Amino acid sequence: MTTPSAGTAAGLRSAEAESLILAFDDNRLLSLIFGEHDEHLALIENRLGVDITPRGNRLSLRGTLPARDNARQVLTALYDRARAGLDVTPGDVEGAIRMSSLGAATTGEGEFHLRTWRKVVTPRSPGQRAYMQGIRDNELVFGTGPAGTGKTYLAVACAAAELASGKVDRIVLSRPAVEAGERLGFLPGDMKEKVDPYLRPLYDALYDVMPANMVQRGMTDGTIEIAPLAFMRGRTLKAAFVILDEAQNTTPQQMKMFLTRLGEGSRMVVNGDPTQVDLPNGVVSGLDEAVKLLGSVKGIAHVSFTSADIVRHPLVTRIVEAYEQAGKKPPGRKG
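According to my numbering, the sequence shown holds residues 802 to 1136 in order.
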């Protein structure tokens, strides 16, 4: 019996109450779902607490009802991904598991696929899905939350996709060099060598979604600009995809200056982690102020990520959660 919505897998309840049989139309795609040496199946089994037994074009799932249902969602989503011609990596498997475990629909992701020069990028958590939709539907998006949630990477991927489709003419990436107080003269080297350490995460994301020669050419001809926040003063950025990273380290004056750079035909994404402010004591974060002041303004969206959206090593999630719990305790209280 084929599932009406997906049209790709059939879910048949067996006579045994603890098992579920999934039957797939195209047996050739199952090897992509399984992964090398069945590593993907092992990952699903370990994370969801199910036993998966392949039998031709069918998979037998054994476990509790919630575990079987989650595994069904994950396997169906991965099959749909493979059928669409997309890669299935361990990260994609982790993402599908995360979506199912949080009760998020795993189908219908196609509308959020970003086609860049090097890869197709899809959301791997509910927060990432909301973030990508927010960028698609609004001219200015604030993304706040802990490290490892993909804020910077997805913003750069969205920028690359917009540039590839011709919706914008250039990409402008910026972040405050707060560790040097934006006074970089004491550092060795020319200006590029001075600011590169602060902008490295942006470079890394660019090189992951664009060929290296295209990035280099773009930085030479001005299609791609990467600069400290201080360099944005006095400019109007037209037909550009503009990203401000580590925005928690802006002052209110800097944030206002940056937001008012937005020109005709441009989009802007402002990211930051409010828990990692490096500003001097007593200085208000421009990101916090902007989110509070502009939350209800039309054309602006705010997506707040949580530890559940962390897509790095699973241990990162537990580290962030431990710090969050410690932050909730009254001052001076041990334990």
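Where a beta carbon is used, it is the ideal one built from N, C-alpha and C, also for glycine. Remember, it's a predicted structure, so these values are computed and weren't measured experimentally.
The segment 1080 to 1087 makes no contact with the segment 1105 to 1113: fewer than 3 CB pairs, one atom from each, lie closer than 8 Å. Taken through DSSP and simplified to helix, strand or coil, T1021 comes out as helix. Nearest C-alpha to S1097 among Y932, R882, F943, L823: F943. Straight through space, the alpha carbons of G864 and L842 are spaced by roughly 14 Å. Distance from the CA atom of A1123 to the CA atom of G1066, rounded to whole angstroms, is 42 Å. Judged by beta-carbon spacing, L1088 lies within the 8 Å limit of A1048, meaning their Cβ atoms are closer than that value. Around the Cβ of A931, a 10 Å sphere holds 16 or more other Cβ atoms; the residue is buried. For the 8 Å CB-CB criterion, P1012 and T953 do not form a contact. Going by DSSP, V1104 is part of the beta strand (DSSP E) stretching over 1101 to 1105. In its chain, beyond the 5 residues on either side, V973, R1062, G1064, S1067 have a beta carbon closer than 6 Å to the beta carbon of L1038. E963 is positioned such that its CB atom lies no closer than 8 Å to that of G1100. DSSP, read as helix, strand or coil, puts T953 in helix.
Ranked by Cα distance from D938, the options L844, A1102, M1020 are led by A1102. Within the same chain, and ignoring the five residues on either side of G850 in sequence, the residues whose Cβ sits closer than 8 Å to its Cβ are G864, T865, A868. Following the DSSP letters along the chain, one finds R848 inside the alpha helix (DSSP H) bounded by residues 840 to 849. The segment 1044 to 1119 is shown to contain whole alpha helix (DSSP H) runs of 4 or more residues at 1053 to 1060, 1087 to 1095, in chain order. Under DSSP, the beta-bridge partners assigned to L974 are I1027, I1044.
Residue burial annotation: P947 is buried, with at least 16 other C-beta atoms found within 10 angstroms of its C-beta.
In the structure shown, D938 adopts helical secondary structure according to DSSP, grouped into three states. Closest in C-alpha terms to A956, from the list F825, F1042, N1050, P1075, comes F1042. Taking the CA atoms as reference points, G892 sits about 10 Å from R899.
Taking each of R829, Q874, I822, R856 in turn and checking the Cα distance to I845, the smallest one comes out for Q874. Here V1078 has Q1049, S1086 as same chain residues with Cβ atoms under 6 Å from its own Cβ, once five neighbours each way along the sequence are excluded. Taken atom to atom, the span from the alpha-carbon of A978 to that of L1045 is near 12 Å. In this structure, G935 sits away from V1112, with a CB-CB distance that is not shorter than 8 Å.
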